[in-house]
Amino acid sequence: MAPLFEKLLLVLSVGTTLRVSAQNISANSTFDAFVPTTVAQILASSIFQPTYVPFATIHNTYLELQSSFNSTFVFSQNITLPETFKHSERMVHYGLALLHSTGFPKNTPGVAQISFAELSKRFFLSAIMHDVGVTNNTEALTHPAHAMSFELWGAFMAYDHLHETLPELNAVQVGDITESIALHTTQYLQGNSSATGWLLQNTAIFDIWGYDVYGPGSFAPFWNTQTIAEIEQAFPRDTFIAEFEADLTEQEVLKPNCIFTHSFWDFNDAKISTIVPSY
């Protein structure tokens, strides 16, 4: 286990339900727009506490975002495989929980800031569409990018959708959303990610592999287990892992060079039932 994680776990064990009040977040609250890419680096840059955030707090924001961007929600729901779409919904809730919790970098000198309203919008749009390339939908299968890895295929479909449906988004917003989708299974050992991209990749990883993906308790500082249990209860995992793995296996046969095959994550370690036991 990395020394940083060893130190953290002296204070925060997996399964903690540390009762720290959730942050009072407003639309104008700000966060760093760019953050260290790796989990170890971001933990070294900021002090995280896995704050309990009630499901209702997160879900209310989720419903507001869904209402504001319903065309995108419906677009993704119609294309993405059903259990994988619920994976996307859980991810949105995880990301909102982390922003309401304590520690996501903010006010770092020299780093551009992004408002909660803007970050939650970009994250919602990227998360809800990030797996549109995990599909058997005819519209998707006939898209010009369908021969690419599912991340790139999905990013191109998302790019087209955003320009057609949300023309008010500027190039920076569209670029951040689509680039985050394209890179969400690509691992880097250094550098910075956009806040959108970091949230997208790590909520996706967390929903598949849980707290121990980078070593025992490596994600424990980010998410309170009671909050996660409440999210999983509202959006059950059901057959997600089986559905997702079957689709990726098929894609690997058709596209042996697909991006996901280069990753270090192992589906043998995936969380089949729940990340945490039900409360």
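Under mature numbering (1 follows the signal peptide of the UniProt record, and there is no 0), the letters of the sequence shown match residues -22 to -1, 1 to 257, in that order. For every residue, glycine included, the Cβ atom is placed at its ideal position computed from N, Cα and C. The structure displayed is predicted, hence computed values, not measured ones.
query, result
"Alpha helix (DSSP H) segments (min. 4 residues) lying fully within the segment 44 to 108", "48 to 57, 60 to 78, 94 to 107"
"Alpha carbon of residue 187 to alpha carbon of residue 214, nearest angstrom", "15 Å"
"Strand pairing of residue 13, partner residues [DSSP]", "171"
"CB contact flag (residue 241, residue 13, <9 Å)", "no"
"Three-way DSSP call (helix, strand, coil) for residue 156 in this model", "helix"
"Cβ neighbours of residue 223 in the same chain (closer than 8 Å, five flanking residues each side left out)", "245, 248"
"Spatial distance of residue 128 from residue 75 (CA atoms)", "27 Å"
"Residue 113 - DSSP class collapsed to helix/strand/coil", "strand"
"Backbone secondary structure at residue 165 - three-state DSSP", "coil"
"Nearest residue (CA-CA) to residue 164, options 51, 15, 8, 4", "15"
"Cα-Cα separation between residue 180 and residue 157, rounded to whole angstroms", "15 Å"
"Counted within 10 angstroms of its Cβ, other Cβ atoms place residue 166 as buried (16 or more) or exposed", "exposed"
"Sufficient close CB pairs (3 or more, under 8 Å) joining the segment 52 to 60 to the segment 103 to 112", "yes"
"Between the CA atoms of residue 227 and residue 220 - distance to the nearest angstrom", "10 Å"
"Straight-line Cα distance separating residue 101 from residue 175", "8 Å"
"Range covered by the alpha helix (DSSP H) that runs through residue 27", "Element bounds for residue 27: n/a, residue is neither H nor E."
"Under the three-state DSSP convention, the category residue 254 falls into", "coil"
"Coarse secondary structure for residue 31, derived from DSSP in three states", "coil"
"Rounded C-alpha distance that separates residue 258 from residue 230", "The structure shown has nothing for residue 258, since the chain only spans -22 to 257."
"Rounded C-alpha distance that separates residue 210 from residue 183", "15 Å"
"Integer-rounded CB distance, given that residue 178 should sit under 8 Å from residue 104", "5 Å"
"CA-to-CA distance, residue 201 to residue -16, given in whole angstroms", "In this prediction, residue -16 has a pLDDT of 33, which is less than 50 and means its spatial position is unreliable; what the coordinates show is noted afterwards. C-alpha separation (whole angstroms): 17 Å."
"Simplified DSSP state of residue 217, which is helix, strand or coil", "coil"
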